[in-house]
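K.L.:
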Amino acid sequence: MNQNKLYECTIIIDGGFEDAAIESAMAEAKNVISSKGGKIESVLEVGRRKMAYPIRKKAVGFYAHVEFTAEPASIAEMEKAFRYDENILRFLIVQLSSQLLEMRKRVEKYSVVIGSPEDQVEEAAEESKPGARR
Numbered sequence: 059m060n061q062n063k064l065y066e067c068t069i070i071i072d073g074g075f076e077d078a079a080i081e082s083a084m085a086e087a088k089n090v091i092s093s094k095g096g097k098i099e100s101v102l103e104v105g106r107r108k109m110a111y112p113i114r115k116k117a118v119g120f121y122a123h124v125e126f127t128a129e130p131a132s133i134a135e136m137e138k139a140f141r142y143d144e145n146i147l148r149f150l151i152v153q154l155s156s157q158l159l160e161m162r163k164r165v166e167k168y169s170v171v172i173g174s175p176e177d178q179v180e181e182a183a184e185e186s187k188p189g190a191r192r
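Residue numbers for the sequence shown follow our numbering, beginning at 59 and rising by one.
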C-alpha cells in the first residue's frame, strides 16, 4: 500500500537560454512530475543565479523549487527522466519530513531571511533617516 508523500525538487536549468526556452524547460519538468503520478503543490522560480562552480561549462543557472506529492515508487522514474533531459544541468529530489516542515513554518513566522527584499527595504529606510550613521 503506497501512500503519497511530500517531496521537493530543486532544478537548475541552463541560465544561458532565452526566457522562452527556460519556460519551456520548466513546463517539461512539471509535465514529467505530473505524468509520473505527482501532484504539484507549489512552484518557486528563484531565477538566474551564478553557480558556485561551472556545470557543463556553464556559469549561470536558472533555479526553481517544485513541491509535489507522489508515491515513493514514482521518484525513480522522475529522476531517470530528469537525468536524460539535456536542458536540466542538475536536480535533486528530497522527501520533506514533518520536522523540516515544522522548522520552515517557525522560520517563516519569526524571522526574515538575510538578503531578502524585505531586509533590503528595511536597510534602505534606516539609511534614509536623518542622522543615520554611514
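Here a beta-carbon is modelled for each residue, glycine too, at the ideal position from N, C-alpha and C.
Please classify residue 142: is it buried, with 16 or more other beta-carbons within 10 angstroms of its beta-carbon, or exposed?
P.N.:
exposed
K.L.:
Looking at the strands, I want to know which residues DSSP matches up with residue 165.
P.N.:
DSSP lists no partner for residue 165.
K.L.:
Suppose the cutoff is 7 Å on Cβ atoms and the five residues either side in sequence are ignored; what does the same chain contact list for residue 148 look like?
P.N.:
Taken in chain order, the residues that qualify are 70 and 113.
K.L.:
Quick one: grab the DSSP three-state call for residue 76.
P.N.:
In the three-state reduction of the DSSP assignment, residue 76 falls in the coil class, being assigned neither a helical nor a strand state.
K.L.:
May I ask you to report which of helix, strand or coil DSSP gives residue 114?
P.N.:
coil
K.L.:
Would DSSP call residue 154 helix, strand or coil?
P.N.:
Annotated three-state conformation of residue 154 is coil, per DSSP.
K.L.:
Which residues mark the beginning and the end of the alpha helix (DSSP H) in which residue 144 is found?
P.N.:
Unbroken run through residue 144: none, as it is neither H nor E.
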